[in-house]
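Quick notes on the structure that follows.
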Amino acid sequence: MNHEVLRKLPSIDTLLRTDLLTKLIGEHGKTVVIGAARAELDKIRRQILQTGAMSNQGLVLHVDDISQNIANQIRVRLRPTLQPIINATGVIIHTNLGRALLSRRAKIAMHEAASAYSNLEYDLEAGRRGSRYIHAESLLCQLTGAESAVVVNNNAAALVLCLSTLAKGHEVLISRSQLVEIGGGFRIPEIMHQSGAKLVEVGSTNRTYLHDYETHLNPSISTLILRVHHSNFKIIGFTHEPGIAELAALGKKHGIIVMDDLGSGTLLDTTPFGLAHEPTIQESIHAGVDIVTASGDKLLGGPQAGLIMGQKAIIAKLRKHPLIRAFRVDKITLAALQATLLAYLENKAITEVPVWQMIALDIETINLRARYWQKQCSQIGLHAEVVDAYSTVGGGSLPGQQLPTKALAIETNSPDTFTKNLRLNTPPVIACIENNCVMLDPRTVLAEQDDDLLRAVRKIEHPY
Ligand SMILES: *Cc1c(COP(=O)(O)O)cnc(C)c1O
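Each residue of the sequence shown is one higher than the one before, starting from 87 at the first, in the working numbering.
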């Protein structure tokens, strides 16, 4: 019985001759259309074989219906999977949502780097090959006080490069309180292993003292003390870790490199915004650390990158390691990074860099926008209130720290369905659920996204 039904299926050629698919072949070429047609026919065949002949009435077997499905399928296939979304979570640096948004200046620089040839690796004065690594170097040195700097793909790459270059076959001392997982299964002990360094754990989970490092130091086989910033978790209570200056002094005394993985890598002080103090890159450099690593797209508010800053001789070694080629940054990233760093140098980061603009937003501005959303919602009969809530910085920085905000709390019978519908909107809207309400935090929603956001909410309430 099933085979009879299968025989009734139109052939690929019949389908390709329909007006709709002929038109699509004209637009996109044969490969895309045939691919989608094959997939659709395979799907129908599978349905026929699975459901059995008796229940085949519900199947789409008409030529026009099938070609319409194929056309839909083509539309899906030609749509980029990476798309802009509206972040209403209030998490400013959301790793799943692409971390830092870039400044206008950085976006223009990226556009320019993409549109014209550049002196990426060309020394204009000498008229010969130059190095891509000089472009961000002087800016980073001016901003942090470091002697030298180099930029790679991300902070994870920075760690692997530093450990592979400086500690392969040697011992690296690290406090037991810092053997962390950074995210996505990226763990310090495993990186250490990958880099060929031998991990030496010192101290305990909650308390590590300077003398713990000293006890395990063996200058003939130890080359490095690594400090990893507690960027995404907090140890509270009966705790101790030596300060970075103490570690730097210990390293100097014994001729051991001290490396500080800061992760979030801020250049600005977080305390004026009511947040806890996040260690800055400058502080570590001034404390005498030999090498500091940080992410470009966390609190720095730039593109994805791994910034390595420190002693000239060490940076020179890193630049000669074969891995640097595998970890290298492209011109678009360098352009965005330069532009971002320039904003800091001109003392304009708070007004120009979106991460800092969002951190610095005053509560009354947020309140006004939440009230505007509320008004729009009540016009369509949706019950929503403006409530006190908290935004977070996120992105592996300032764990447990919150920024007071005003959010719109939408009351609905099924918050799960509501947030799901928001996610399936074009553009998708990501929201949180709290106390059974759908929460929309204006802090992370761009002003130009207001209309799209409200349209999404309206569509859920009144689908037709
Ligand atoms: C985020 C983070 C990393 C990883 O940085 P990426 O730029 O995401 O590779 C490494 N170390 C610490 C302490 C971090 O917070």
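Just so you know, even glycine gets a beta-carbon here, dropped at the ideal spot from N, CA and C.
### Task
Identify whether S281 lies in helix, strand or coil by the three-state DSSP scheme.
In the sequence shown, residue 281 corresponds to position 195, counting from 1. It is coil, neither helix nor strand.
### Task
With a cut-off of 8 Å on the beta carbons, I'd call S189 and V439 a contact; round off their distance for me.
Indexing the sequence shown from 1 puts residue 189 at position 103. Indexing the sequence shown from 1 puts residue 439 at position 353. The pair is a contact, with the Cβ atoms about 5 Å apart (cut-off 8 Å).
### Query
Between which two residues does the alpha helix (DSSP H) carrying I130 extend?
Taking the first residue of the sequence shown as position 1, residue 130 is located at position 44. From DSSP, the alpha helix (DSSP H) with I130 extends over K116 to T137.
### Query
If you count every other CB in all the chains shown that lies within 10 Å of the CB of A362, and 16 or more means buried, which is it?
For the purposes of this step, residue 362 is taken as the residue at position 276 of the sequence shown. A362 is exposed by the Cβ-count criterion.
### Residue range of the unbroken alpha helix (DSSP H) whose run includes V441
Here residue 441 is taken as the residue at index 355 of the sequence shown, counted from 1. Element bounds for V441: P440 to A446.
### Message
So, does the stretch 444 to 461 touch the stretch 488 to 499, judging by three or more C-beta pairs under 8 Å?
### Response
yes
### Query
Hey, would you say I394 sits closer than 7 Å to V236, going by beta carbons?
The count along the sequence shown starts at 1 and reaches residue 394 at position 308. The count along the sequence shown starts at 1 and reaches residue 236 at position 150. The answer is yes: Cβ separation under 7 Å.
### Query
Any heavy atom of ligand 1 within a distance shorter than 6 Å of the CB on A283?
Translated into positions along the sequence shown, residue 283 becomes position 197. Checking the Cβ of A283 against ligand 1 gives no.
### Query
Is it the case that the CB of G349 approaches a heavy atom of ligand 1 more closely than 6 Å?
Looking up residue 349 in the sequence shown gives position 263. The answer is yes for G349.
### Message
For T503 and A422, I'd like the C-alpha separation in whole angstroms.
### Response
Locating residue 503 in the sequence shown gives position 417, counting from the first residue. Locating residue 422 in the sequence shown gives position 336, counting from the first residue. Each residue's Cα considered, the two are about 38 Å apart.
### Query
Taking 6 Å as the cut-off, is the CB of S370 close to at least one heavy atom of ligand 1?
Along the sequence shown, read from residue 1 onward, the residue named residue 370 stands at position 284. Not under cutoff, so the answer is no.
### Query
Pick from D376, S224, E369 and L92: whose alpha carbon is nearest that of L336?
Locating residue 336 in the sequence shown gives position 250, counting from the first residue. Of the candidates D376, S224, E369 and L92, the one whose C-alpha sits nearest the C-alpha of L336 is D376.
### Query
According to the neighbour-count rule (16 or more other Cβ atoms, all chains shown, within 10 Å of its Cβ), is E276 buried or exposed?
Residue mapping note: residue 276 aligns to position 190 of the sequence shown, counting from 1. Exposed is the call here.
### Query
In angstroms, rounded to a whole number, what distance separates the CA positions of R131 and H279?
On the sequence shown, residue 131 is found 45 positions in, with the first residue counted as 1. On the sequence shown, residue 279 is found 193 positions in, with the first residue counted as 1. The alpha-carbon atoms of R131 and H279 are separated by roughly 50 Å.
### Message
For I179 and Q133, what's the separation of their Cα atoms in angstroms?
### Response
Your numbering for residue 179 matches position 93 in the sequence shown. Your numbering for residue 133 matches position 47 in the sequence shown. Distance between the alpha carbons of I179 and Q133: 44 Å.
#### Entry: Rounded straight-line distance, which links the Cα of T181 to that of L508
Taking the sequence shown and counting its residues from 1, the one referred to as residue 508 is at position 422. Taking the sequence shown and counting its residues from 1, the one referred to as residue 181 is at position 95. C-alpha separation (whole angstroms): 20 Å.
### Query
Closest to S97 by CA distance: which of L110, K109, H148 and T167 is it?
Translated into positions along the sequence shown, residue 97 becomes position 11. It is H148 whose Cα lies nearest to the Cα of S97.
### Task
Given a cut-off of 7 Å, decide if I321 and A232 are closer than it, judged by their beta-carbon atoms.
Residue 232 sits at position 146 when you count from the first residue of the sequence shown. Residue 321 sits at position 235 when you count from the first residue of the sequence shown. No.
### Message
With the cut-off set at 7 Å, would you say E332 and L296 are in Cβ contact?
### Response
The residue you call residue 332 lines up with position 246 of the sequence shown. The residue you call residue 296 lines up with position 210 of the sequence shown. Yes, the Cβ-Cβ distance between E332 and L296 is below 7 Å.
### Task
Please name the residue or residues paired with A331 in a DSSP beta bridge.
Taking the sequence shown and counting its residues from 1, the one referred to as residue 331 is at position 245. None; A331 has no bridge partner.
### Contact belief for L57 with G351 at Cβ below 8 Å, rounded distance in angstroms
A question about residue 57 goes unanswered here, because the residues of the chain that appear run from 87 up to 550.
### Task
Pull up the CB-CB distance for C523 and I496, whole angstroms please, since I reckon it's below 8 Å.
Residue 523 sits at position 437 when you count from the first residue of the sequence shown. Residue 496 sits at position 410 when you count from the first residue of the sequence shown. Indeed, because the Cβ distance is near 6 Å, the residues count as touching under 8 Å.
### Query
Do you know how far the Cα of R185 is from the Cα of I311?
Residue numbering aside, residue 311 sits at position 225 when the sequence shown is read from its first letter. Residue numbering aside, residue 185 sits at position 99 when the sequence shown is read from its first letter. The straight-line gap from Cα to Cα measures roughly 29 Å.
### Message
Using a 10 Å radius around the Cβ and a threshold of 16 neighbouring Cβ atoms, would you call P549 buried or exposed?
### Response
In the sequence shown, residue 549 corresponds to position 463, counting from 1. Per the 10 Å Cβ criterion, exposed.
### Task
With DSSP as the reference, label Y476 as helix, strand or coil.
Residue 476 sits at position 390 when you count from the first residue of the sequence shown. Strand.
### Query
Below 8 Å, can you find three or more Cβ-Cβ pairs linking the stretch 221 to 228 to the stretch 246 to 265?
no
### Message
Under DSSP, the beta strand (DSSP E) around R313 begins and ends at which residues?
### Response
Against the sequence shown, residue 313 aligns to sequence position 227. Segment S308 to V314, the beta strand (DSSP E) holding R313.
### Query
DSSP three-state call for Q462: helix, strand or coil?
Position 376 of the sequence shown, counted from the start, is the residue given in the question as residue 462. Q462: helix per DSSP, three-state reduction.
### Task
Would you kindly work out how many angstroms separate the C-alpha atoms of T426 and I436, rounded to a whole number?
Along the sequence shown, read from residue 1 onward, the residue named residue 426 stands at position 340. Along the sequence shown, read from residue 1 onward, the residue named residue 436 stands at position 350. C-alpha separation (whole angstroms): 11 Å.
### Task
State the DSSP-derived secondary structure class of R262, mapped to helix, strand or coil.
As a position in the sequence shown, residue 262 is number 176, starting the count at 1. R262 falls in the helix class under three-state DSSP.
### Task
Going by CA-CA distance only, name the one from A380, T530, Q465 and G486 that's closest to N241.
By one-based count along the sequence shown, residue 241 stands at place 155. Out of A380, T530, Q465 and G486, A380 has the C-alpha closest to the C-alpha of N241.
### Task
Give the DSSP-derived three-state secondary structure of P514 in the structure shown.
As a working mapping, residue 514 is identified with position 428 in the sequence shown. Correct three-state label for P514: coil.
### Query
Which two residues bound the contiguous beta strand (DSSP E) that contains Q488?
What you label residue 488 is simply residue 402 of the sequence shown in a count that begins at 1. Looking at the DSSP string, the run of the beta strand (DSSP E) that includes Q488 is Q488 to E497.
### Query
How would you write the range of the beta strand (DSSP E) that S234 sits in, first residue to last?
If you number the sequence shown from 1, residue 234 lands on position 148. Element bounds for S234: S234 to V238.
#### Entry: Beta-carbon proximity list for T505, same chain, < 7 Å, skipping 5 on both sides
Indexing the sequence shown from 1 puts residue 505 at position 419. Excluding residues within five positions, the ones whose Cβ falls inside 7 Å are A517, I519 and V524.
### Message
For R455 and P513, which I take to be in contact (beta-carbon distance under 8 Å), what is that distance rounded to the nearest angstrom?
### Response
Position 369 of the sequence shown, counting from 1, holds the residue named residue 455. Position 427 of the sequence shown, counting from 1, holds the residue named residue 513. Incorrect: roughly 18 Å between the Cβ atoms, too far for contact.
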